[in-house]
């Protein structure tokens, strides 16, 4: 699974989820801040407007038309009410008709004159600041003429701004607090979302290599397709593996039965024939049958070793016990050559970890070699060893040795020594041994003994 | 000896029966486990040669069932598989030994001897010839009360010669029976074993004669 498509999906889902949750939290915090800020601004403005409007209206109410003109009473109470907002400066202006009668004559006028009794409000720059201004219009009768009177009161906005800023600061703190709370919460929520995935992964990971039962671990709805796919794959794998095992067993049966018939028939013919030429041919036949039987079993052994190495599920194995058992199985074969098969050093268990079938296949091939290449009436010694963290067995014969052949080259597939043309063999025996050793983390060595003969040494980690 | 051969392949069964007959053994053949059960009810055998994969079942199950009913005849399983773990499995089911196909008959003889020896031997295995008695299970010759141990090849050579006294066996015939076909054997190898066997026979009326140009024969004077 390499290439462009898969790289898109690298990285952590958890990190993606956390980042997304945090982005949402940040956006919400910022929105909260602005909402509070706008609301605070407008609330402060409304408060200011209400007071300004009341003050302006109150002044306008006290306008009196007299004979000499219009009288205005700028009551202190009115301005003290305005002072309640804060340290804001006040400006006023009263217009009668077009003329300014009192106050600041440059105080900005409204764009449109108020038409009703209610005050009009607007904000204008004035001097060095912004003013909030309320304007009230009244019509007075002076000298029997209706005259429009306009009362303007402007106030700086520092107080209102201070309140709005204070509120906005609190809103900012609130937003930050919200975000700070969102960080652990989103981490927590991401973990809880991924917990079922992790549990499922653990459940699958805990299984042994030969555990091919379907996954029954409870999984959330969203993981169901994954579990179904996994189970489908496991089922196919199980099918393929059991076919391999059955195939190896069936192949052995189908190869060996015809070979048995051939061998037995040839042997009968050999017993019954007096013709020397026929007998020579029959001997060649039997030898060939023996060779193919041996090759077949080693090929099957080889397949079995490869298959079981892939499926390795190590158990505690007593090398001494396997050695005794192999020696026992080979005793009649050795006896036919009047060879003595001796097991030494098997007084104590020699424990290692591995697949007993693999270890036994390796040992069987080592002993088979030793018997094959021994001269009759010799001794084959199976010596159990235990040194430097490794348990081992040396299979030593008194045979022809290696004749200087490279011991490493002899372990290659279908490779045979230069001095063995007269002995039946497939050249797979030592390959099987080295493959077993590789699968189990051990080592294998062939050494020529100074007094003649060969020692094949198998070492496996002690357990 | 009397064998019961349980093997579903007719040709293989016939071949094995013929070959064992050449060595003077009687063989009954059962192609199925049902036949085998019938044979075991009708006769007694020294040894059962049992195949594992049979049309009407697994040889191991049959064996277990037979052992449960007290059937105690020695059993050697002929299997197409060679691993020792199979062997342990087979021995657990009640087999005495196993041999892989294709069967090497020299090896089969050796295993049969070993099995019967372990089980205390069949009574009729001791053969009398002239003034000696021969027990192939214990590999011993008894001459005038004196017991002599035979080594494997001496034993087999003596068995071959004793099967047909006075018959001449060529060196080749003896070599074929005595040595594995996988071995290379020198021409005079057989002379070594004949020489040794003669030493073991010393003091008896039984002799191995060299028939010049033809071979050897066993005679008693």
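Residue numbers (the working numbering), protein chains in the order written: chain H, 11 to 473; chain P, 510 to 730. For every residue, glycine included, the Cβ atom is placed at its ideal position computed from N, Cα and C.
The beta strand (DSSP E) enclosing residue i, as first and last residue numbers
i: residue 111 of chain H; result: 109-113
i: residue 154 of chain H; result: Neither: residue 154 of chain H is in no beta strand (DSSP E) and is coded neither H nor E.
i: residue 587 of chain P; result: 583-588
i: residue 515 of chain P; result: 511-515
i: residue 728 of chain P; result: 724-729
i: residue 717 of chain P; result: 715-720
i: residue 85 of chain H; result: Neither: residue 85 of chain H is in no beta strand (DSSP E) and is coded neither H nor E.
i: residue 660 of chain P; result: No beta strand (DSSP E) holds residue 660 of chain P; DSSP gives it neither H nor E.
i: residue 731 of chain P; result: There is no way to answer for residue 731 of chain P, as the model of chain P reaches only from 510 to 730.
Pair within 8 Å by beta-carbon distance, residue i and residue j
i: residue 333 of chain H; j: residue 353 of chain H; result: yes
i: residue 587 of chain P; j: residue 624 of chain P; result: no
i: residue 249 of chain H; j: residue 42 of chain H; result: no
i: residue 61 of chain H; j: residue 84 of chain H; result: no
i: residue 196 of chain H; j: residue 28 of chain H; result: yes
i: residue 158 of chain H; j: residue 142 of chain H; result: no
i: residue 617 of chain P; j: residue 608 of chain P; result: yes
i: residue 303 of chain H; j: residue 351 of chain H; result: no
i: residue 152 of chain H; j: residue 104 of chain H; result: no
i: residue 545 of chain P; j: residue 513 of chain P; result: yes
i: residue 63 of chain H; j: residue 144 of chain H; result: yes
i: residue 726 of chain P; j: residue 678 of chain P; result: yes
i: residue 290 of chain H; j: residue 473 of chain H; result: no
i: residue 247 of chain H; j: residue 222 of chain H; result: yes
i: residue 606 of chain P; j: residue 620 of chain P; result: yes
i: residue 341 of chain H; j: residue 392 of chain H; result: no
i: residue 710 of chain P; j: residue 699 of chain P; result: no
i: residue 100 of chain H; j: residue 140 of chain H; result: no
i: residue 65 of chain H; j: residue 163 of chain H; result: yes
i: residue 408 of chain H; j: residue 388 of chain H; result: yes
i: residue 120 of chain H; j: residue 132 of chain H; result: yes
Beta-carbon contacts of residue i that lie in its chain and below 7 Å, excluding the five residues immediately before and after
i: residue 641 of chain P; result: 650, 651, 652, 713 and 715
i: residue 527 of chain P; result: none
i: residue 12 of chain H; result: A caution first: residue 12 of chain H carries a pLDDT of 41, below 50, which makes its placement in the model too unreliable to give a value.
i: residue 51 of chain H; result: 174
i: residue 32 of chain H; result: 192, 193 and 196
i: residue 16 of chain H; result: Confidence is the limiting factor: at residue 16 of chain H the pLDDT is only 46, short of 50, which leaves the residue's position unreliable, though a coordinate-based value still follows. Closer than 7 Å at the Cβ level, and outside the excluded window around residue 16 of chain H, lies no residue.
i: residue 324 of chain H; result: 363, 364 and 365
i: residue 328 of chain H; result: 359, 360 and 361
i: residue 458 of chain H; result: 411, 412 and 464
i: residue 446 of chain H; result: 315, 368, 369, 371 and 372
i: residue 79 of chain H; result: 152
Beta-bridge pairing of residue i - partner residues as DSSP gives them
i: residue 370 of chain H; result: Answer is none; residue 370 of chain H lacks a bridge partner.
i: residue 350 of chain H; result: H:389
i: residue 469 of chain H; result: H:402 and H:453
i: residue 92 of chain H; result: Looking at the DSSP assignment, residue 92 of chain H forms no beta bridge with any residue, so it has no partner.
i: residue 640 of chain P; result: Its beta-bridge partners do not exist; DSSP assigns none.
i: residue 164 of chain H; result: H:101 and H:143
i: residue 655 of chain P; result: P:652
i: residue 361 of chain H; result: H:328
i: residue 131 of chain H; result: H:144
i: residue 537 of chain P; result: P:513
i: residue 395 of chain H; result: H:402
Range of the contiguous alpha helix (DSSP H) that encloses residue i
i: residue 203 of chain H; result: 168-215
i: residue 402 of chain H; result: Unbroken run through residue 402 of chain H is the beta strand (DSSP E), 400-406; no alpha helix (DSSP H).
i: residue 67 of chain H; result: 23-71
i: residue 295 of chain H; result: 286-320
i: residue 571 of chain P; result: 568-577
i: residue 704 of chain P; result: 698-710
i: residue 558 of chain P; result: Not the alpha helix (DSSP H): residue 558 of chain P falls in the beta strand (DSSP E), residues 556-560.
i: residue 229 of chain H; result: Per DSSP, residue 229 of chain H belongs to no alpha helix (DSSP H) and is neither H nor E.
i: residue 523 of chain P; result: 519-531
Same chain only: Cβ atoms within 8 Å of residue i, ignoring 5 sequence neighbours per side
i: residue 443 of chain H; result: 372, 375, 376, 421, 454, 466 and 468
i: residue 672 of chain P; result: 532 and 533
i: residue 207 of chain H; result: 233
i: residue 628 of chain P; result: 583 and 605
i: residue 537 of chain P; result: 511, 512, 513, 514, 548, 552 and 554
Cutoff 6 Å; reference residue i; Cβ partners in own chain excluding five residues on either side
i: residue 539 of chain P; result: 515, 545 and 548
i: residue 54 of chain H; result: 170, 173 and 174
task: Taking only beta carbons into account, state which residues of the region 329-343 of chain H come closer than 8 Å to chain P, listed in chain order.
output: Residues of the region 329-343 of chain H that bring their beta carbon within less than 8 Å of a beta carbon in chain P comprise 332, 335, 336, 339, 341, 342 and 343, in sequence order.
Residues, ordered as in the chain, of the region 639-665 of chain P that lie near chain H by beta-carbon distance below 7 Å: Correct list: 660, 661 and 662.
query: Which residues, in order along the region 343-368 of chain H, keep a beta-carbon less than 8 Å from a beta-carbon of chain P?
result: For the region 343-368 of chain H, which is checked against every Cβ of chain P, the residues closer than 8 Å are 343, 345, 346, 347, 348, 366 and 367.
Residues, ordered as in the chain, of the region 249-280 of chain H that lie near chain P by beta-carbon distance below 7 Å: Listed in sequence order: 259, 262, 263, 266, 267, 269, 270, 271, 273, 274, 275, 277, 278 and 280.
message: Tell me which residues of the region 556-574 of chain P have at least one Cβ-Cβ distance to chain H shorter than 7 Å, keeping chain order.
response: 562
message: So if I threshold CB-CB distances at 7 Å, which residues from the region 293-304 of chain H count as touching chain P?
response: Among the residues of the region 293-304 of chain H, those with a Cβ less than 7 Å away from any Cβ of chain P are 293, 296, 297, 299, 300 and 303, in the order of the chain.
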